[in-house]
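Asker:
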Amino acid sequence: MRVDFNVPQDEQGAITDDTRIRAALPTIRYLLEEGASVVLMSHLGRPKGKINPKYSMRPVVERLFELLPEATEVKKTEAITGPAAEAAAASLRPGQVLMLENTRFDAREEKNDPDMSAELARLGDIFVNDAFGAAHRANASTEGVAHHLEGVAGFLLEKELAFIGGALENPERPFVTIIGGAKISDKIGVIENLLGKVNTLLIGGGMANTFLLAQGKAMGKSLVEPDSLDLARSLMAKAEAAGTRLMLPVDAVLADAFSATANTQVVPVDAIPDGWQMLDIGPESAKLYAAEVVAAKTVIWNGPMGVFEMAPFAKGTFAVAQAMADASAQGAITIIGGGDSVAAIEQAGFADKMSHVSTGGGASLELLEGKILPGVAALADRA
Numbered sequence: 005m006r007v008d009f010n011v012p013q014d015e016q017g018a019i020t021d022d023t024r025i026r027a028a029l030p031t032i033r034y035l036l037e038e039g040a041s042v043v044l045m046s047h048l049g050r051p052k053g054k055i056n057p058k059y060s061m062r063p064v065v066e067r068l069f070e071l072l073p074e075a076t077e078v079k080k081t082e083a084i085t086g087p088a089a090e091a092a093a094a095s096l097r098p099g100q101v102l103m104l105e106n107t108r109f110d111a112r113e114e115k116n117d118p119d120m121s122a123e124l125a126r127l128g129d130i131f132v133n134d135a136f137g138a139a140h141r142a143n144a145s146t147e148g149v150a151h152h153l154e155g156v157a158g159f160l161l162e163k164e165l166a167f168i169g170g171a172l173e174n175p176e177r178p179f180v181t182i183i184g185g186a187k188i189s190d191k192i193g194v195i196e197n198l199l200g201k202v203n204t205l206l207i208g209g210g211m212a213n214t215f216l217l218a219q220g221k222a223m224g225k226s227l228v229e230p231d232s233l234d235l236a237r238s239l240m241a242k243a244e245a246a247g248t249r250l251m252l253p254v255d256a257v258l259a260d261a262f263s264a265t266a267n268t269q270v271v272p273v274d275a276i277p278d279g280w281q282m283l284d285i286g287p288e289s290a291k292l293y294a295a296e297v298v299a300a301k302t303v304i305w306n307g308p309m310g311v312f313e314m315a316p317f318a319k320g321t322f323a324v325a326q327a328m329a330d331a332s333a334q335g336a337i338t339i340i341g342g343g344d345s346v347a348a349i350e351q352a353g354f355a356d357k358m359s360h361v362s363t364g365g366g367a368s369l370e371l372l373e374g375k376i377l378p379g380v381a382a383l384a385d386r387a
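With my numbering applied, the sequence shown has no gaps in its numbers, which climb one by one up to 387 at the end.
1) If I follow the unbroken alpha helix (DSSP H) through ARG26, where does it start and stop?
2) Taking DSSP's pairing of strands, which residues face LEU272 in a bridge?
3) Count the other CB atoms within 10 Å of the CB of TYR293; is the residue buried (16 or more) or exposed (fewer)?
4) Taking the alpha-carbon of LYS221 as reference, which of ILE192, GLY379, ALA256 and ILE84 has the nearest alpha-carbon?
5) Just mark GLN281 as buried or exposed, buried being the case when its beta carbon has 16 or more other beta carbons within 10 Å.
6) Roughly how many angstroms separate the alpha carbons of ALA243 and ALA331, rounded to a whole number?
7) I'd like to know if the stretch 360-371 and the stretch 162-174 are in contact, where contact means that at least 3 CB-CB pairs between them fall below 8 Å.
8) Could you have a look at GLU380 and say whether DSSP puts it in helix, strand or coil?
9) Whose C-beta lies closer than 7 Å to the C-beta of LEU252 among residues of the same chain, with five residues either side of it excluded?
10) Straight-line CA distance for ASP134 to VAL271?
11) Excluding the 5 residues preceding and the 5 following VAL149 in the sequence, name in chain order all residues of the same chain whose CB lies nearer than 6 Å to its CB.
12) Nearest to PHE136 by alpha carbon, out of ASN267, PRO175, ASN10 and ASN306?
13) Please go through the same chain and pick out, in chain order, the residues whose beta-carbon is closer than 8 Å to the beta-carbon of MET388, but skip the five residues on each side of it.
14) Report the rounded CA-to-CA distance for GLU154 versus ARG24, giving the unit in angstroms.
15) Helix, strand or coil for LEU205? Go by DSSP, reduced to three states.
16) Grab me the residues of ASP278's own chain with a C-beta within less than 8 Å of its C-beta, minus the 5 sequence neighbours each way, in chain order.
17) What is the C-beta distance between GLN100 and SER60, in whole angstroms, given that I count them as a contact (C-beta under 8 Å)?
18) From this set, ASN56, GLN219, GLU288 and ALA144, which residue's C-alpha is nearest ALA241's C-alpha?
19) How big is the Cα-Cα spacing for VAL361 and GLN326?
20) Note down the Cα distance separating GLY39 from PRO12, rounded to an integer number of angstroms.
21) For ARG112, count the other beta carbons within 10 Å of its own beta carbon; 16 or more makes it buried, fewer makes it exposed. Which is it?
22) Which stretch, first to last residue, makes up the beta strand (DSSP E) that contains LEU217?
23) Out of ILE192, ASP260 and ALA266, state which residue places its alpha-carbon closest to the alpha-carbon of ASP234.
24) Alpha carbon to alpha carbon, what distance is there between ILE55 and VAL85?
25) Is the distance from the Cβ of THR363 to the Cβ of ALA157 below 7 Å?
26) Taking the beta strand (DSSP E) that LYS80 belongs to, which residues open and close that run?
27) What residue does the beta strand (DSSP E) around PHE131 start on, and which one ends it?
28) Is the CB-CB distance between ALA138 and ASP8 below 7 Å?
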């Protein structure tokens, strides 16, 4: 079973957020209850194809041991493939779990090496992919192994595809998407794929600056992408042609330095003075965006509205988080599309109010772009 246990850790190696481990538990428990023995494989961090104790799966095994039912025996092997891994897998009894060492300790993993895929396949009878967060990567443990064993989706992977895919294919309307983050160039595929599908597209974060500059507004010292101005104009024209309302901020929270202790002011977006930079959407924009979200029946959010890591520039992001919670309470389907939006919704204390919080930033972005995920395409039950 491929899981995504790529979890954050502190300097001492202690796990600081076990969301991804807990997200895989329903599938693991189901397999154990049905009498299977389970061999788990995952990557952790970026060890660059070399063994690095800093990225060992040991802390994950300890946490897994705490989370699974007491009777479950969780074993670990230092091996990933080969005779030692095969012996450890063969010795498992039904109801036991074996965690392989970090798949990225083997340089062949990220090259989707067919020999490594075949070696991994020798450790089981059926391949279950429940690693949505890694499903956009064609690696030996995510895509390659499915060419040797029958591959099926776990419950988490199924849920991710159902929520995000379902929202894109057959949304309840009004359908609103909020796109934030620093750069248009990072999200161009997402924006283009959503035009014509969503009723309203709300733009925030640093990328809003480039759209505003493309409209001829002076942006002072704000982060902008001069090379993307034509792209921004083209996206605005495409949105109009597709019947999608593309909304930009009407006011801005400015700072005279990129710092939590900087001087700040709120101004309309067409009155940004030289030497100041936009670090959050303003209160009027937050109000307008919140009204759109609360009136929606389906909402997807990917990317913060400002530099929410600094308290003076977090209000816009938190206003959207509150609006998402309010929309959920009224029965809307609310989806957080991974990445920084997950951190923001957790910081705001609303994660448990959402219909779905995605466990995969890159994978959810590629789904929103309309791309086929290699780890999903390789499965027998992809239809």
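Every residue, glycine too, gets a C-beta built ideally from N, C-alpha and C.
Answerer: Let me lay it out:
1) 23-37
2) The amino acid occupying residue 272 in the given sequence is Pro; Leu does not appear at that position. Per DSSP, ASP255.
3) buried
4) ALA256
5) buried
6) 24 Å
7) yes
8) It should be pointed out that residue 380 corresponds to Val in this sequence rather than to Glu. Residue state, collapsed to three classes: helix.
9) ILE207, ALA212, PHE215 and LEU216
10) 47 Å
11) SER121, LEU124, ALA125 and PHE131
12) ASN10
13) Lying before the first or after the last residue shown, residue 388 is absent from the chain, which here runs from 5 to 387.
14) 24 Å
15) strand
16) ALA222, GLY224 and LYS225
17) Contact flag wrong, Cβ pair sits at about 21 Å.
18) GLN219
19) 15 Å
20) 31 Å
21) buried
22) Run containing LEU217: none in the beta strand (DSSP E); it sits in the alpha helix (DSSP H), 210-218.
23) ILE192
24) Inspection of the sequence shows that residue 85 is occupied by Thr rather than by Val. Using only the alpha carbons, I get a separation of about 14 Å.
25) no
26) 77-80
27) 130-133
28) yes
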